[in-house]
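Novice: Per the working numbering, residue 10 is the first one in the sequence shown, and the count goes up by one each step. All residues carry an ideal CB built from backbone N, CA and C; glycine is no exception.
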Amino acid sequence: MSDNSSYTDLAQRIKESFAEIEDDAIADFKETDEEYYALYQQISELKADHPFIDKIMNGSGEISLTAEEHEILTEYFRLRFRLDDKERQRLYFRGHTDCISYLKEVGAL
């Protein structure tokens with residue numbers, strides 16, 4: 010009997026490829042879900058119009074905001090949370106769909 014230690018089970022392969030799978034799914038959401046795409050566009054436009062958002066999200070050190078910037082940042086977070094919730098919901102249901110497809114493929118359904 011040969012040693013098949015190079016075999017990686019499906020669960021492990023999915024774990025190793027999850028970032029790519031997630032990226033593909035999110036790209037699909039942008040193409041197939043109008044509400045998701047609209048939220049994504051609003052966030053992109055807000056960041057383009059207000060570069061301080063990226064400084065806050067990716068910078069370091071001390072920062073201060075005007076009242077207007079604080080309001081803009083609050084709107085950014087509100088939109089981002091809505092987008093994240095939508096992503097989680099879509100990924101959850103995508104997982105169910107993939108599971109059912111797999112079970113059909115192996116004859117379990």
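Tell me, to the nearest whole angstrom, how far the beta carbon of LEU88 is from that of GLN51; I am working on the premise that it is less than 8 Å.
Specialist: Taking the first residue of the sequence shown as position 1, residue 88 is located at position 79. Taking the first residue of the sequence shown as position 1, residue 51 is located at position 42. Going by Cβ atoms, the distance from LEU88 to GLN51 rounds to 5 Å, so yes, they are a contact pair.
Novice: Looking only at its chain, what residues have a beta carbon closer than 8 Å to the beta carbon of ALA34, apart from the 5 residues adjacent to it on each side?
Specialist: Start at 1 with the first residue of the sequence shown, and residue 34 comes out as number 25. So the qualifying residues of the chain are ARG99, LEU100, ARG103.
Novice: For ILE72, which of helix, strand or coil comes out of DSSP?
Specialist: Here residue 72 refers to the residue found at position 63 of the sequence shown. In the structure shown, ILE72 sits in coil (DSSP, three-state: anything other than H, G, I, E or B).
Novice: Kindly provide the ranges of any alpha helix (DSSP H) runs that are 4 or more residues long and lie completely inside the segment 21–79, ordered along the chain.
Specialist: 43–58, 61–67
Novice: Could you tell me whether the Cβ atoms of HIS59 and ILE81 are closer together than 7 Å?
Specialist: Taking the sequence shown and counting its residues from 1, the one referred to as residue 59 is at position 50. Taking the sequence shown and counting its residues from 1, the one referred to as residue 81 is at position 72. Yes, Cβ-Cβ distance for HIS59 and ILE81 is below 7 Å.
Novice: Using the rule of at least 16 other Cβ atoms within 10 Å of the residue's Cβ for burial, across every protein chain shown, is PHE90 buried or exposed?
Specialist: Residue numbering aside, residue 90 sits at position 81 when the sequence shown is read from its first letter. By the Cβ-count criterion, PHE90 is exposed, with fewer than 16 other Cβ atoms from all chains shown falling within 10 Å of its own Cβ.
Novice: According to DSSP, is SER15 part of a helix, a strand, or is it coil?
Specialist: In the sequence shown, the residue the question calls residue 15 occupies position 6. In this structure, SER15 counts as coil in the three-state DSSP scheme.
Novice: Fully enclosed by the segment 73–116, which alpha helix (DSSP H) runs are 4 residues long or longer?
Specialist: 76–114
Novice: Does the distance from the C-beta atom of LEU48 to that of LEU92 stay below 7 Å?
Specialist: In the sequence shown, residue 48 corresponds to position 39, counting from 1. In the sequence shown, residue 92 corresponds to position 83, counting from 1. A distance below 7 Å separates the beta carbons of LEU48 and LEU92.
Novice: Can you round the beta-carbon distance between PHE27 and GLU96 to whole angstroms, since I take them to be within the 8 Å contact cut?
Specialist: In the sequence shown, residue 27 corresponds to position 18, counting from 1. In the sequence shown, residue 96 corresponds to position 87, counting from 1. With 8 Å as the limit, PHE27 and GLU96 do not qualify as a contact, their Cβ atoms being about 14 Å apart.
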